[in-house]
Amino acid sequence: MLDIRLLRENPDSIKQRLANRGGEHASLVDQVLEIDTQRRSAETERQKLQGDRNRISKEIGIAKKNGQDTSAIEAEVRGIGTRIDEIGRDADASDVKQRDLLLSIPNLPHEACPVGHSAEENPEVRVWGTKPAFAFEPKDHTAIAGALGMIDFEAGVKITGSAFVVYKGAGARLERALINFLLDLHTMQHGYQEISPPLLVKPECLVGTGQLPKFGDQVYHSPEDDLYLIPTAEVPVTNLHREEIVSHDKLPINYAAYTPCFRREAGSAGLGTRGLIRMHQFDKVELVKITTPETSVAELETLTGHAENVLQLLGLHYRVIELCTGDIGFGSTKTYDIEVWAPGQGAFLEVSSCSSFGDYQARRMNLRFKDENGKNRIPHTLNGSGTALARLFVALVETYQQADGSILIPEALRGHFRAEKIG
RNA sequence: GGAGAGAUGGCUGAGUGGUCGAAAGCACAUCUUUGCUAAAGAUGCGUAGCCUUAACAGCUACCGAGGGUUCGAAUCCCUCUCUCUCCGCCA
Numbered sequence: 045m046l047d048i049r050l051l052r053e054n055p056d057s058i059k060q061r062l063a064n065r066g067g068e069h070a071s072l073v074d075q076v077l078e079i080d081t082q083r084r085s086a087e088t089e090r091q092k093l094q095g096d097r098n099r100i101s102k103e104i105g106i107a108k109k110n111g112q113d114t115s116a117i118e119a120e121v122r123g124i125g126t127r128i129d130e131i132g133r134d135a136d137a138s139d140v141k142q143r144d145l146l147l148s149i150p151n152l153p154h155e156a157c158p159v160g161h162s163a164e165e166n167p168e169v170r171v172w173g174t175k176p177a178f179a180f181e182p183k184d185h186t187a188i189a190g191a192l193g194m195i196d197f198e199a200g201v202k203i204t205g206s207a208f209v210v211y212k213g214a215g216a217r218l219e220r221a222l223i224n225f226l227l228d229l230h231t232m233q234h235g236y237q238e239i240s241p242p243l244l245v246k247p248e249c250l251v252g253t254g255q256l257p258k259f260g261d262q263v264y265h266s267p268e269d270d271l272y273l274i275p276t277a278e279v280p281v282t283n284l285h286r287e288e289i290v291s292h293d294k295l296p297i298n299y300a301a302y303t304p305c306f307r308r309e310a311g312s313a314g315l316g317t318r319g320l321i322r323m324h325q326f327d328k329v330e331l332v333k334i335t336t337p338e339t340s341v342a343e344l345e346t347l348t349g350h351a352e353n354v355l356q357l358l359g360l361h362y363r364v365i366e367l368c369t370g371d372i373g374f375g376s377t378k379t380y381d382i383e384v385w386a387p388g389q390g391a392f393l394e395v396s397s398c399s400s401f402g403d404y405q406a407r408r409m410n411l412r413f414k415d416e417n418g419k420n421r422i423p424h425t426l427n428g429s430g431t432a433l434a435r436l437f438v439a440l441v442e443t444y445q446q447a448d449g450s451i452l453i454p455e456a457l458r459g460h461f462r463a464e465k466i467g
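Going by the numbering used here, the first residue of the first sequence is number 45, and it counts up by one from there.
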């Protein structure tokens, strides 16, 4: 959520920066400002009337104590009360409307975020490693894992539906080894505290991180309980401190959480046609940071480095790209995507998206921190995948496939997998 | 699921219709004093909004949440949420 004061003071520069995202946001800004004017005038009027009522009511109390008749003055205050109700309804309605509008305006891209219209204009930041060479034609992960009995795509469809999958045997064990490897790396080497959150959350949490109200159709919902299945651990973990004022000496807060993630992927093309690449349910280890505004830019680099370290340790070729203003997410100010090379696909797959949200999420969830001077300020929130599991699985299987159809387990993972190869 | 108790400021805890945004204590901050590593005193010490300002100040709202009664609600009524205790059930 943007600060209404920023909008009041610099509406034109806000519109300009939002325009870099593409899409039509200027009229939303105008609407908010119009409502804001109405809201404030109603609010001022209401408060003046409330002040009148308080003062006169106090006089009634005193008069009654002195045994005086107060019926006339009571009638007067009754009239004020009616006015307060009327004006109050207007003020409250404007308030709700203003908040709704603010919640539907995306975040401002950071000054450092490259300006561009679409994914084609995302600059490549760096590349690590090289494409592995094969003495044979590398196979697709569905073929390799299928042959080894690691994944049963048909069973997933049978018990749930398309874009759900059943891991079996070495496949399930590889998935579990990866989870443990990632959690151990981030908690023991990178200094994150491990969190194991609920997978169902209240709607307020999704409002806090920005999925609601705009993207409700992408999230699974249980209407009986009004609970949502999390699309990412970012939601419960960032919301751990919703409505809180944390002390400055607690910052930065660093959390790592493994959870399954659930996404409806409504409107996504190609679902279920490419093995593990786009699923309704997938595992992910998520990194979340809450920082001071002064350190968030540097922390985004650190966070991205932690995610990259995963791929480096596993010996997987990857590149880092920065998303341009036309491609960054709704709440993000600046985003790096990490894409791992999958030889069987002949393509890079996005396994991590690392973003700084500035104060956008924190303002939505009323998260604040008390600084050294005792002032309440709004912290910055960041998150990044460290990393998504299904696509990491794909890259790993396709990169380490052998001519005989077996899969070599990279050195760093052997302690967790407890074997050197599959097949 | 059943029965009971409760929810007040960072914490403890008073307050059952009229200067209560809320006593007192603790904690915390600043200052003073004595002095020595502890104590005494003074002052300050919630959040948000509105209106203003150079700044201070002022006004309004908030005593779990929402609604109601009333000229006036922390206080009375209703609904909900949560916590605790006991019983039942369950992993």
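All C-beta atoms in this analysis are idealised placements derived from N, C-alpha and C, irrespective of residue type, glycine included.
Fill in: Closest Cα partner of LEU146 within the set LEU433, GLY252 and GLY200
GLY252
Fill in: GLU416 versus VAL290, ILE106 and ALA391, residue with shortest Cα-Cα distance
VAL290
Item to complete: Name the residue from TYR272, LEU284, ARG286 and GLU338 whose alpha carbon lies nearest to the alpha carbon of ARG307.
Response: TYR272
Discussion item. Within 10 Å of its beta-carbon, does HIS230 have 16 or more other beta-carbons around it, so buried, or fewer, so exposed?
Written reply: buried
Practice prompt. Could you tell me if SER397 is buried or exposed, where buried requires 16 or more neighbouring beta carbons within 10 angstroms of its beta carbon?
Written response: buried
Worksheet item: Span of the alpha helix (DSSP H) holding LEU273?
Response: From DSSP, LEU273 is part of no alpha helix (DSSP H) but of the beta strand (DSSP E) over 271-273.
Worksheet entry | ILE104 versus THR336: straight-line alpha-carbon distance, rounded | 51 Å
Worksheet entry | Three-state secondary structure (DSSP) of PHE225 | helix
Worksheet item: When DSSP labels each residue in this structure, what does CYS249 get in the three-state scheme?
Response: helix
Item to complete: May I have the straight-line CA-CA distance separating SER429 from LYS328, to the nearest angstrom?
Response: 7 Å
Discussion item. Using 8 Å as the cut-off, can you tell me whether the stretch 234-250 makes contact with the stretch 294-307, which would need three or more C-beta pairs spanning the two stretches below that distance?
Written reply: yes
Worksheet item: Which one of ARG220, PRO275, MET232 and LEU218 has the shortest CA to CA distance from LYS246?
Response: PRO275
Worksheet entry | Neighbourhood of GLN142 by C-beta distance below 7 Å, restricted to the same chain and skipping five residues each side | VAL76, ILE79, ASP80 and ARG83
Practice prompt. May I ask you to report which of helix, strand or coil DSSP gives THR81?
Written response: helix
Practice prompt. Under 8 Å Cβ to Cβ from GLU180, same chain only, skipping five residues before and after it: list those, please.
Written response: The amino acid at residue 180 is misidentified as Glu; the sequence shows Phe. Excluding residues within five positions, the ones whose Cβ falls inside 8 Å are ALA447.
Item to complete: Please confirm whether PHE401 and THR377 have their CB atoms less than 8 Å apart.
Response: yes
Discussion item. Between ARG421, ARG408, ARG49 and MET232, which has its C-alpha nearest LEU338's C-alpha?
Written reply: The sequence shown places Glu at residue 338, rather than the Leu named in the question. With distances taken between Cα atoms, GLU338 lies closest to ARG421.
Discussion item. According to DSSP, is ARG322 part of a helix, a strand, or is it coil?
Written reply: coil
Worksheet item: Where does the unbroken beta strand (DSSP E) through ASP381 begin, and where does it stop?
Response: 378-386
Discussion item. For the beta strand (DSSP E) containing PHE413, name the first residue and the last one.
Written reply: 412-414
Worksheet item: Between the C-alpha atoms of ARG122 and ALA137, what's the straight-line distance to the nearest angstrom?
Response: 23 Å
Worksheet entry | Cβ distance (whole Å) where ALA439 is taken to contact LEU360 below 8 Å | 5 Å
Worksheet item: Is the distance from the Cβ of GLY215 to the Cβ of ILE195 below 8 Å?
Response: yes
Discussion item. I'd like the span of the alpha helix (DSSP H) that includes PRO304, first residue to last.
Written reply: Element bounds for PRO304: not the alpha helix (DSSP H) but the beta strand (DSSP E), 297-306.
Worksheet item: What are the residues that DSSP puts in a beta bridge with ASN420?
Response: LYS414
Fill in: Cβ neighbour criterion (16 or more within 10 Å) applied to LYS333
buried
Item to complete: For VAL73, collect the residues of the same chain with a Cβ closer than 8 Å to its Cβ; drop the 5 residues on either side in sequence, then sort them by chain order.
Response: LEU51, PRO55, ILE58, LYS59, LEU62 and ILE149
Practice prompt. Report the residue from LEU244, CYS249 and LYS414 whose alpha carbon sits nearest the alpha carbon of GLU268.
Written response: LEU244
Worksheet entry | 8 Å Cβ cutoff met for ALA70 and ASP134 | no
Worksheet item: What are the partner residues of HIS265, as DSSP defines its beta bridges?
Response: TYR272
Worksheet item: Can you name the start and end residues of the beta strand (DSSP E) that SER400 belongs to?
Response: 391-400
Worksheet item: Could you check where the alpha helix (DSSP H) with ARG435 kicks off and where it finishes?
Response: 433-443
Worksheet item: When the distance is taken between beta carbons, is VAL364 closer than 8 Å to THR431?
Response: no
Worksheet item: Buried or exposed: which applies to VAL279, given that a residue is buried once 16 or more other Cβ atoms fall within 10 Å of its Cβ?
Response: buried
Practice prompt. State buried or exposed for GLU68, treating a residue as buried only when at least 16 other CB atoms are found within 10 Å of its CB.
Written response: exposed
Practice prompt. Could you pull out every residue in the same chain whose Cβ sits closer than 7 Å to the Cβ of GLY125, ignoring the five residues on either side in sequence?
Written response: ARG97
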